[in-house]
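Peer 1: Residue numbers (the working numbering), protein chains in the order written: chain A, 1 to 280; chain B, 281 to 560; chain C, 561 to 840; chain D, 841 to 1120.
This structure is in structure tokens; I'll ask about it shortly.
4 protein chains.
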Amino acid sequence: MTTLSTTTTHTLLDAVRAGVRVVDLGRTLTVGMPQSPNHPAYWHALPRRHGDMVRVDGGSAANDMISMGTHVGTHIDALSHVSQDGKLYGDLDVADALTGGRYEELGAHTIAPMVRRGVLLDVPATLGVDRLDAGYEISVVDLERTVERQATAIEPGDVALVRSGWGQHFDSGDKASFVGHDSGVPGVGAAGAQWLVDQGVHATGADTIAYECLPPGAGHATLPAHRVLLVENGVYIIETMNLEELAADALHEFVFVLSPLALYGATGSPVRPLAVVSGE
Amino acid sequence: MTTLSTTTTHTLLDAVRAGVRVVDLGRTLTVGMPQSPNHPAYWHALPRRHGDMVRVDGGSAANDMISMGTHVGTHIDALSHVSQDGKLYGDLDVADALTGGRYEELGAHTIAPMVRRGVLLDVPATLGVDRLDAGYEISVVDLERTVERQATAIEPGDVALVRSGWGQHFDSGDKASFVGHDSGVPGVGAAGAQWLVDQGVHATGADTIAYECLPPGAGHATLPAHRVLLVENGVYIIETMNLEELAADALHEFVFVLSPLALYGATGSPVRPLAVVSGE
Amino acid sequence: MTTLSTTTTHTLLDAVRAGVRVVDLGRTLTVGMPQSPNHPAYWHALPRRHGDMVRVDGGSAANDMISMGTHVGTHIDALSHVSQDGKLYGDLDVADALTGGRYEELGAHTIAPMVRRGVLLDVPATLGVDRLDAGYEISVVDLERTVERQATAIEPGDVALVRSGWGQHFDSGDKASFVGHDSGVPGVGAAGAQWLVDQGVHATGADTIAYECLPPGAGHATLPAHRVLLVENGVYIIETMNLEELAADALHEFVFVLSPLALYGATGSPVRPLAVVSGE
Amino acid sequence: MTTLSTTTTHTLLDAVRAGVRVVDLGRTLTVGMPQSPNHPAYWHALPRRHGDMVRVDGGSAANDMISMGTHVGTHIDALSHVSQDGKLYGDLDVADALTGGRYEELGAHTIAPMVRRGVLLDVPATLGVDRLDAGYEISVVDLERTVERQATAIEPGDVALVRSGWGQHFDSGDKASFVGHDSGVPGVGAAGAQWLVDQGVHATGADTIAYECLPPGAGHATLPAHRVLLVENGVYIIETMNLEELAADALHEFVFVLSPLALYGATGSPVRPLAVVSGE
């Protein structure tokens, strides 16, 4: 039998039993949803539907077949995703990270599940707009003003979610704008990424397809924030999040929960992150 | 700015900041892992590795291609997974649940993320064995003795995880035993499932491939617990969990977290559930 | 030992031994190639490359992982592909064609391999243009003038390949034009399809994405030629062919060879059809 | 208009018009068919069935989703499939063959379609048995006696199909025997492969899973015939063929037709090869 004391283990459980509100920060995966053309699209079919094969007792099971990349829908980048000059995070040579053709080192299976303080950085609210302009680079001043306005200083180990409002294009089904190949996409650049690193964040997310500020027409030619975050500092990146409900209800602090699939040797994982707060 | 009071939203966050231990209840997904042959096997490859295409600035991205069923690895069954006599949960006709060839009703995207009290029912510990015998049906008495021994009465809305010890075969790589086609697999039957329903569980999981008690040689010919849980009572089932660490440390009560991928119209989702307790 | 006489079996072989020219009518399958967005895109990755796992004797094998629809790249439509008012070819009810969730009746596995006379109908050459205009409907008069000009009357059992020149957009990498969502695509309509049926063709192909004449902006809203050919007359359709080499060399008559993958219960198959003629 | 003379191009066509018999040498692809566990299994589902989405005019289209390896079902090995000591055929370094993460050199897209003389080597008929024993290595003497008995000397450029009778296990659904992991599989070894090379074959096929003689329990630990054929001599290998009909009708010489999918950069392709002879 357990010999752990109630006080050691039950504080969290008591808080949950008192009532929590769970805000879904993930996107529904549908065939045809907006995603980067660089990755295998999400596809789904039912090999078996109810009625295709009915057992003698009248029971029937339906099942699925899925194919996809790991950087589609709401997802997290593993540290094996991006390299610079042949090196991954920790100065690891890219060849040394591979075993049997998969990234045994720094692969998606090495991302520990997260139950941490999360902070929403609602930049459009700070700037007094519904959403940022296409291609707008979120500055360090924007980030500083936002934490000050919200009174939510970032603490070491936090997960910082940078809202641009661009997720509205996902909601409205405007794929071209959400992907932003021609229009561009707002986001942080190298400077903003470094500021987040300086605050000690464990991970950072955004409501956009690539987290980065993408200038109009430039595509994903260079990804400076990925370099600063993933390669230089080992900070995970979460993309294509739904941050609209948090913003609408001004939920700026919460318990952030993210549990990636332990895909051995992969460079990322689809996820459905949660923001959880006490109350109903 | 937020007008929610700190006391309303911060109790949970304070509990997390005081320190939590996160126990991983999911299995690593690897090519060739044990799974049911009725579902598309998990496969993974890297279309692009570092070095395949290096940008002019020295940056390089690697990515993935995945194909799989949704009932492989650790996963949750949606209520659309099993029907009886042409009906899904809530007496819904199977044809009416389909829209455009997917289960819009009761599909995986309708499973709300779970942040709830979880209870481990460590049946082998109650019976004084390392793991249950192949084909052993966990009785109602076994379940009652277990909650009594653990002093962990199940409450309405809980998630009950029924340990058989069979997950040791997953750990050891004994695929034939884990799948149990010839040997059988221990688990609850219709009676045990009904008892769990009577306690008011929201979901229930196990460390086996199909949750059910599978007699030797019988395969998945009938699935009575699935009928009782999914079809008759709308109780979700989680399979192929890793419950060994919880048992080793006698963690019988915890915050259970499960956030399925919102796979539109699917019959299940791979998941990585967590047990979270206060303390390090 | 064989008792078949040489004269019975060797005429064809002798013709081949005398020398043949094989013209490839298929497209190379590449990730990102133009295709209909209605079907799962072609994706390919190497789970294992040379060097990932080397045997003690110094040998190493590389392998592949593919996901795709069957109506991508050069492909043939099975008779199970299209229905009208709930009926497939032969007045077969669509529900009756299914067994175990696949089209056992009229599926891709029922398409007999073809070794038949093939005729190229080079319509742009008849009209004196390099390629037909977007959205141009090839008329019965166009078809009649073409067979007359070429002196290649269609005979019962032939395979008729209708060239529009639109495949030049596949060659040039102009995906938007090849798919033609906005611009439209040239092709035969219901009248042209009926004329081909009246000539007794066994199958018919084109160098376009959907065989049909697609008006600008209309997409695949209706597919009258598919109805006439597949549903009403059991004539197979081959799409996204490469007909440029045949046209350039004015090869209007040839042995047409097509050997679809016997995909059990599927609605089509990727193929690499050949035109074969005597000579080098 | 064409200026090629009829005699130049029509000999072959005339032979086809006189009537041909087409023998299917491929296997039907079904979910669950026997295949090597080293490759992604063949899976197929219908994302859309008839009735899921009916157009206003009463038309409806069904379609498919496929995932698979390229070395499943009847398939051909590209020269990029196997290397020895870091080299592919032609002493090409394995790293140099890759471009953008695919085998641009020696990939499946480089296999020219085949319309050639084919010869069946019916070894069980020579040895007076229905099929060879598990693990039996077909000797050079067996091959020599077979061509002599059949009076079908192999000529340079031919495709030689070596029958063992093992395909009977595919027909009967005996997956364990066909795969032969425990039992072994009959086939040629290094000596037989070298003899075929010495005859000048362009390609060679068999009715087994791996072409090779596999000793009982040894699995695919070493593949000497692959080395001799693919790496040292650039001779293609075709596996999992259906050679029973050819043997039953003693068709030992024919036109062999094989048209692999032009899968860019892949290591093989599923195929449906044909044997074609004059006559009905």
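Quick reminder that beta carbons are idealized off the backbone N, C-alpha and C, glycines included.
None of the values given here were measured: they were computed from a predicted structure.
#1: Using a 10 Å radius around the Cβ and a threshold of 16 neighbouring Cβ atoms, would you call PRO496 of chain B buried or exposed?
#2: Between GLN1039 of chain D and GLY618 of chain C, is the Cβ-Cβ spacing less than 8 Å?
#3: At the 8 Å Cβ level, is LEU886 of chain D part of the contact set with chain A, yes or no?
#4: Could you check whether the Cβ of MET68 of chain A sits closer than 8 Å to any Cβ belonging to chain D?
#5: Using 10 angstroms around the beta-carbon of GLY1007 of chain D, count the other beta-carbons present and answer buried if the total reaches 16, otherwise exposed.
#6: Have a look at the DSSP bridge pairing and note the partners of VAL580 of chain C.
#7: Just to make sure I have the definition right: I need the residues of chain B whose C-beta is within less than 9 Å of the C-beta of TRP755 of chain C. Which are they?
#8: Assuming PRO684 of chain C contacts ASP690 of chain C (C-beta within less than 8 Å), just tell me the rounded distance between them.
#9: What residues in its chain sit with their C-beta under 7 Å from that of LEU79 of chain A, if we drop five residues either side in the sequence?
#10: Drop a sphere of 10 angstroms on the beta-carbon of VAL896 of chain D, count the other beta-carbons inside from all chains shown, and report buried for 16 or more, exposed for fewer.
#11: Under 8 Å Cβ to Cβ from ARG328 of chain B, same chain only, skipping five residues before and after it: list those, please.
#12: Going by C-alpha distance, which of A:ARG272, A:SER278 and A:TYR264 is nearest ALA325 of chain B?
#13: Nearest chain A C-beta to PRO600 of chain C closer than 8 Å, yes or no?
#14: Checking contacts by CB at 8 Å: is TYR976 of chain D closer than that to chain C?
#15: With DSSP as the reference, please indicate the residues paired to TYR796 of chain C in a beta bridge.
#16: How should ALA527 of chain B be labelled, buried or exposed, when 16 other C-beta atoms within 10 angstroms of its C-beta is the threshold for buried?
#17: Just list the beta strand (DSSP E) runs in the region 670–756 of chain C, keeping only unbroken ones of 3 residues or longer that don't cross its boundaries, in chain order.
#18: On the DSSP letters alone, give me the boundaries of the beta strand (DSSP E) that ASP344 of chain B sits inside.
#19: For chain F, check one thing: does any of its Cβ atoms lie closer than 8 Å to the Cβ of TRP726 of chain C?
#20: Please determine, among D:VAL959, D:VAL1068 and D:ALA1065, the residue with the shortest C-alpha to C-alpha distance to LEU1091 of chain D.
#21: Report all residues from its chain with a CB closer than 7 Å to the CB of ARG116 of chain A; omit the five preceding and five following residues, and keep chain order.
#22: Candidates B:ALA555, B:GLY366 and B:SER444: which alpha carbon is nearest ASP402 of chain B's?
#23: Helix, strand or coil, according to DSSP, for THR659 of chain C in the structure here?
#24: Cβ atoms of VAL987 of chain D and ILE978 of chain D: under 8 Å apart, would you say?
#25: What residue from D:CYS1053, D:GLU1093, D:PRO953 and D:SER1017 has the CA that sits closest to ARG587 of chain C's CA?
#26: Going along the chain, which residues of its own chain have a beta-carbon closer than 8 Å to the beta-carbon of ALA1016 of chain D, five neighbours each way excluded?
#27: On the CB-based measure, 16 or more other CB atoms within 10 Å of its CB, does VAL188 of chain A come out buried or exposed?
#28: Go through its chain and collect everything with a Cβ distance to LEU261 of chain A's Cβ below 8 Å, but skip five positions before and after it.
#29: If you count every other CB in all the chains shown that lies within 10 Å of the CB of PRO40 of chain A, and 16 or more means buried, which is it?
#30: Quick check: what's the CA-CA separation for GLU772 of chain C versus LEU1063 of chain D?
#31: Give the C-beta separation of VAL508 of chain B and GLN474 of chain B to the nearest angstrom, bearing in mind that I take them to be a contact with Cβ-Cβ under 8 Å.
#32: With 16 as the cutoff for other CB atoms within 10 Å, does GLY913 of chain D come out buried or exposed?
#33: Counting only beta-carbon separations shorter than 8 Å, does ALA153 of chain A have a partner in chain B?
#34: Within 10 angstroms of the Cβ of SER1012 of chain D, are there 16 or more other Cβ atoms? Answer buried if so, exposed if not.
#35: Report the neighbours of PRO393 of chain B on chain A: residues whose CB is nearer than 7 Å to its CB, in chain order.
#36: Quick one: Cα of LEU554 of chain B to Cα of THR70 of chain A, how far?
Peer 2: Here's the rundown:
#1: By one-based count along the second sequence, residue 496 of chain B stands at place 216. Exposed, by the Cβ-count rule.
#2: The residue labelled residue 1039 of chain D in the question sits at position 199 within the fourth sequence. The residue labelled residue 618 of chain C in the question sits at position 58 within the third sequence. Their beta carbons are not under 8 Å apart, which means GLN1039 of chain D does not touch GLY618 of chain C by this criterion.
#3: As a working mapping, residue 886 of chain D is identified with position 46 in the fourth sequence. For LEU886 of chain D, the answer is yes, since a Cβ of chain A falls inside 8 Å of its Cβ.
#4: The count along the first sequence starts at 1 and reaches residue 68 of chain A at position 68. No, no contact with chain D.
#5: Working through the fourth sequence from its first residue, we reach residue 1007 of chain D at position 167. Result: buried.
#6: For the purposes of this step, residue 580 of chain C is taken as the residue at position 20 of the third sequence. Bridge partners of VAL580 of chain C: C:SER838.
#7: By one-based count along the third sequence, residue 755 of chain C stands at place 195. The premise fails here: TRP755 of chain C is roughly 35 Å from chain B at the closest Cβ pair, so nothing lies under 9 Å.
#8: In the third sequence, residue 684 of chain C corresponds to position 124, counting from 1. In the third sequence, residue 690 of chain C corresponds to position 130, counting from 1. So it is a contact: roughly 6 Å between Cβ atoms.
#9: The residue labelled residue 79 of chain A in the question sits at position 79 within the first sequence. Excluding sequence neighbours, LEU79 of chain A sits near LEU88, TYR89, LEU106, LEU230 and GLY234.
#10: Sequence index remark: in the fourth sequence, residue 896 of chain D carries index 56 (1-based). With fewer than 16 other Cβ atoms within 10 Å, it is exposed.
#11: Working through the second sequence from its first residue, we reach residue 328 of chain B at position 48. Closer than 8 Å at Cβ, skipping near neighbours: ALA341, ALA342 and ASN343.
#12: Start at 1 with the first residue of the second sequence, and residue 325 of chain B comes out as number 45. Closest option to ALA325 of chain B, Cα to Cα, is A:TYR264.
#13: Stepping through the third sequence from its first residue, residue 600 of chain C is reached at position 40. Closer than 8 Å to some Cβ of chain A, the Cβ of PRO600 of chain C qualifies, so yes.
#14: As a position in the fourth sequence, residue 976 of chain D is number 136, starting the count at 1. Cβ-Cβ to chain C under 8 Å: no for TYR976 of chain D.
#15: Start at 1 with the first residue of the third sequence, and residue 796 of chain C comes out as number 236. In DSSP, TYR796 of chain C forms a bridge with C:ALA763.
#16: Residue numbering aside, residue 527 of chain B sits at position 247 when the second sequence is read from its first letter. By the 10 Å Cβ count, ALA527 of chain B comes out buried.
#17: 674–682 and 719–723
#18: Your numbering for residue 344 of chain B matches position 64 in the second sequence. From DSSP, the beta strand (DSSP E) with ASP344 of chain B extends over 343–348.
#19: Absence of chain F from the displayed structure is noted, the protein chains being A, B, C and D.
#20: The residue given as residue 1091 of chain D occupies position 251 in the fourth sequence. Comparing Cα-Cα distances from LEU1091 of chain D to each of D:VAL959, D:VAL1068 and D:ALA1065, the minimum goes to D:VAL959.
#21: The sequence position of residue 116 of chain A within the first sequence is 116, counting from 1. Only GLY157, ASP158, VAL159, HIS202 and PHE256 meet the Cβ criterion.
#22: The residue given as residue 402 of chain B occupies position 122 in the second sequence. Cα-wise, what sits closest to ASP402 of chain B is B:SER444.
#23: Here residue 659 of chain C is taken as the residue at index 99 of the third sequence, counted from 1. Strand, per DSSP.
#24: By 1-based counting over the fourth sequence, the position of residue 978 of chain D is 138. By 1-based counting over the fourth sequence, the position of residue 987 of chain D is 147. No, Cβ-Cβ distance for ILE978 of chain D and VAL987 of chain D is not below 8 Å.
#25: For this step, residue 587 of chain C is matched to residue 27 along the third sequence. Ranking D:CYS1053, D:GLU1093, D:PRO953 and D:SER1017 by Cα distance to ARG587 of chain C puts D:PRO953 first.
#26: As a first step, residue 1016 of chain D is located in the fourth sequence; it is residue number 176 there, counting from the start. If we look at ALA1016 of chain D and ignore the five residues flanking it on each side, its Cβ neighbours are ASP1022 and SER1023.
#27: Translated into the one-based positions of the first sequence, residue 188 of chain A becomes position 188. Flag for VAL188 of chain A reads buried.
#28: For this step, residue 261 of chain A is matched to residue 261 along the first sequence. Cβ neighbours of LEU261 of chain A beyond the five flanking positions: ALA108, SER269, PRO270 and VAL271.
#29: For this step, residue 40 of chain A is matched to residue 40 along the first sequence. Per the 10 Å Cβ criterion, buried.
#30: Reading the third sequence from its first residue, position 212 is the one you call residue 772 of chain C. Reading the fourth sequence from its first residue, position 223 is the one you call residue 1063 of chain D. Looking at the two C-alpha atoms, the distance is approximately 48 Å.
#31: The count along the second sequence starts at 1 and reaches residue 508 of chain B at position 228. The count along the second sequence starts at 1 and reaches residue 474 of chain B at position 194. With 8 Å as the limit, VAL508 of chain B and GLN474 of chain B qualify as a contact, their Cβ atoms being about 5 Å apart.
#32: In the fourth sequence, the residue the question calls residue 913 of chain D occupies position 73. It counts as buried.
#33: Reading the first sequence from its first residue, position 153 is the one you call residue 153 of chain A. Chain B, which has no Cβ nearer than 8 Å to the Cβ of ALA153 of chain A, makes this no.
#34: Against the fourth sequence, residue 1012 of chain D aligns to sequence position 172. Result: exposed.
#35: What you label residue 393 of chain B is simply residue 113 of the second sequence in a count that begins at 1. Near PRO393 of chain B (Cβ distances below 7 Å), the residues of chain A are VAL22, ASP24, ARG272 and LEU274.
#36: Along the second sequence, one-based indexing puts residue 554 of chain B at 274. Along the first sequence, one-based indexing puts residue 70 of chain A at 70. Near 21 Å, if we compare the C-alpha coordinates of THR70 of chain A and LEU554 of chain B.
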